[in-house]
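So the structure is just underneath, and the comments pick up after that.
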Amino acid sequence: MPFAPPARLLATFLLCLCVAAPAAALELVAVRVTGVDDEAQHDDVLDALSLHRLNPNRRRALTESRLSYLLRRVPREARQALEPYGYYDTQVETEVVRDGDRITVRVAITPGEPVKVRRRELALTGAAETDTALTRRLQRLRPREGQVFDHATYETGKANMDRALAARGYFDARLDTHRVTVSRAEHAADIALAWDSGERYTLGEATLEGHPFRPGLLEHLVPWKPGQPYDQAELLALQASLAELDYFAAIDIRPRPDDAQDKQVPVTVALSPAKRSVYSAGVRFGTDSGLGLTGGLERRWVNSRGHKFESLLSLAQRRNDLATQYRIPAFKWLDGWYTAGAKLRQEEVDGINNELFELVGSRSGRLGNWNLLAALNYRRERFEDAATGFDYSYSTLVYPSLWAQWGESDDPLYPRAARGLTLELRAGSSAFGSDLDFLQVRAEGRWIRSFGRRHRLLLRAEAGTTMSGDFPSFPPSLRFYAGGDRSVRGYGYKEIGQYFLGTDGRRYVFGGKHLLVASAEFERMFTREWGAAVFVDAGDAFDGDGSFDPQVGAGLGLRWRSPVGPVRIDVAHGFGGDAQQSIRLHLNIGPDL
């Protein structure tokens, strides 16, 4: 048997050792993508790369052969990630930067010209063909001609159309045609979509379950009649009406198209009663009223007829209130309440005490976007009259009043587009037991518009007038004043109005017959929750005959969109000749409109 020379054996042995020895391990430090400015597109490309998705252990033990394989996958993965955004002609180059065994992979992307929609063929057949709400929505479907063919926008448009058909009662609708033809060479996409809506269903009986009230009470809130064409807006209106009652902790409205008979959809409303009695106590602070304590009791429902009772006591440095209300549902012809209320108030305004007792009987209701209230008021008031040496004067007024509020907003808490109007009318006559005859009208308007994502302009105006032949006897609580958190900032609460100098040399404000106030505010949000504002307010409460002398206040504010609603903290300065020249802090909590 022949033997290999020792030298040849040694060489063969060393060669085998070299082949069997593991290759040197590389460590992947990072994968960097350039050429894509859009953050979402950049992240999608990065997430699509197998090289980037390696777990930490494999990143630290990467072989040359494995690296080469993953680099070959990069162009295809990057192109596929950008196709949903309309880029079908993407160029990709990779570069490996080495630092010993540590490597960084750079992926340079040139997206190229995006594919745009060249032609759309949109069709809607069936009963919805004459439904203008749906035909208009179909024409607004995106992407439109000339826009980039973004896959997400396209899919969202289809889904929105499906939801709109269901919301209008076309539960048998189907998408018969959904075709997209992409020409990479021409960078063009042709869209063909066709829905067959089928027949439109109607609304059936609403069954309300889980409430403690007598049959027939809540059924008056149902805004539709059985057989009426199905419209989800009617269900939302019922939900809003039930929520405003404050009877329930949860409201679940479920249409049941699968149980429809003759295309009529029954509706089940599952209700969970809220806690029946609510007790409240707390410490409060208002820049108008000062530091104080509050306590209250509310019975969300007193009996099976849905009656409500509420009592609130508030004690503060400059104002004390005790108020009670008893409300009876009035749902038959206009959602609302019959209310009987009583109020006691003691208030100090500019060192002058005012005490009143008031009884009110009212009927409230909602009509479209209008909240309406008609009331009959009895008011007995005792007040210090600085003009007579601070002797007490008395006033008794019996008068009807009307109050109306209208508003539309894209968001109840943080509107970007909103308008609001409040109107108030009071009329008293000695024929009804009043001490004097009078007519008083007040109006307030608000307008909000956004500019870009972070800027808003807020405008507000208020005007009022009083007609009375004996205005000096008119009670202070019904006179017009300006100044304070929700009026002219930079001035104290009710600091602006007709005044005179007392024998002690002090300036006493006693209000005016007329009122004019205007405000402009510009807001800039720095984050989703925090922002700042600059504002200018001006106004006066005056008696006429050339006595109008608007006082101006301006300042800066901090804005916080808290989980419970907007919080506004303002620092303002009054610039009127009669103002106490000082910086004032104003705090407001609640909706802008």
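If you're matching positions, the sequence shown starts at 749 in our numbering and goes up one per residue.
Backbone N, C-alpha and C fix where the C-beta goes; we use that ideal spot for every residue, glycine too.
This structure is a prediction, so every number in the text was calculated from the model and none was measured.
DSSP places E861 in the coil class of the three-state scheme, outside both helix and strand. In this structure, V1108 lies away from N1119, with their beta-carbon atoms at least 7 Å apart.
Going by C-alpha positions, G1303 is about 7 Å away from D1318. Using a 10 angstroms sphere on the CB of S1267, the tally of other CB atoms reaches 16 or more, which defines it as buried. Listed in chain order, the alpha helix (DSSP H) elements of length 4 or more contained wholly in the segment 843-906 are 880-887. Closest option to S1177, judged by alpha-carbon separation, among D1218, P1163 and G946: D1218. T1087 counts as buried, since no fewer than 16 other beta carbons sit within 10 angstroms of its beta carbon.
In this structure, R1194 and L1341 form a Cβ contact; the two beta carbons are roughly 6 Å apart against a cut-off of 8 Å. For V793, the enclosing alpha helix (DSSP H) has its first and last residue at E787 to A796.
For V822, the uninterrupted alpha helix (DSSP H) segment begins and ends at E812 to L830. In the DSSP annotation of this structure, the continuous segment of the beta strand (DSSP E) that includes A1289 starts and ends at W1278 to F1290. A788 sits away from E825, with the two beta carbons spaced by 7 Å or more.
Listed in chain order, the non-local C-beta contacts of L1306 below 7 Å within the same chain comprise A1280 and I1317, local neighbours out to five positions each way being set aside. Annotation: D1139 to N1101 spans about 11 Å, alpha carbon to alpha carbon.
Nearest in C-alpha terms to P1077, of all of V1282, Q1065, L1045 and W1049, is W1049.
When DSSP states are grouped into helix, strand and coil, F1033 belongs to the strand group. In the DSSP assignment, S989 falls within the alpha helix (DSSP H) that extends over Q980 to L993. In the DSSP assignment, P1148 falls within the beta strand (DSSP E) that extends over D1139 to S1157.
Residue state for Y1162 is assigned as coil, using DSSP reduced to three classes. Looking at the backbone, the Cα of L1019 and that of S1028 are separated by about 25 Å. Boundaries for N1102: no alpha helix (DSSP H) harbours it, while the beta strand (DSSP E) harbouring it runs I1100 to L1115, taken from the DSSP string.
Judged by DSSP in its simplified three-state form, P960 adopts coil rather than helix or strand. Judged by DSSP in its simplified three-state form, F919 adopts coil rather than helix or strand.
Assignment of H1334 by DSSP, reduced to helix, strand and coil, places it in the strand class.
The Cβ atoms of A829 and T782 do not sit closer than 7 Å to each other.
Close CB contacts of D924 within its chain, under the 6 Å cut and outside five residues either way in sequence, are with A942 and D944 (chain order).
With a threshold of 16 other beta carbon atoms within 10 Å, G1212 meets it and is buried. If you check the CB distance, S1182 and L1150 do not come in under 7 Å. Where P1077 is concerned, the enclosing beta strand (DSSP E) starts and stops at R1067 to P1077. When the alpha-carbon of G1084 is set against those of A1122, E1210, W1278 and R888, the nearest one is in A1122. Contact annotation: R1255 and L1249 have beta-carbon atoms nearer than 7 Å. Spatial neighbours of F1180 in its own chain (CB-CB distance under 6 Å, excluding positions within 5 residues in sequence) are listed in chain order as V1146.
About 5 Å separates the beta carbon of R1127 from that of E1106, a gap short enough to meet the 8 Å contact definition. Here Q1009 is bridged, per DSSP, to Q1012.
For T925, the beta-bridge partners assigned by DSSP are A942. Between T1170 and E1156 the beta-carbon gap is near 14 Å, outside 8 Å, which marks them as no contact.
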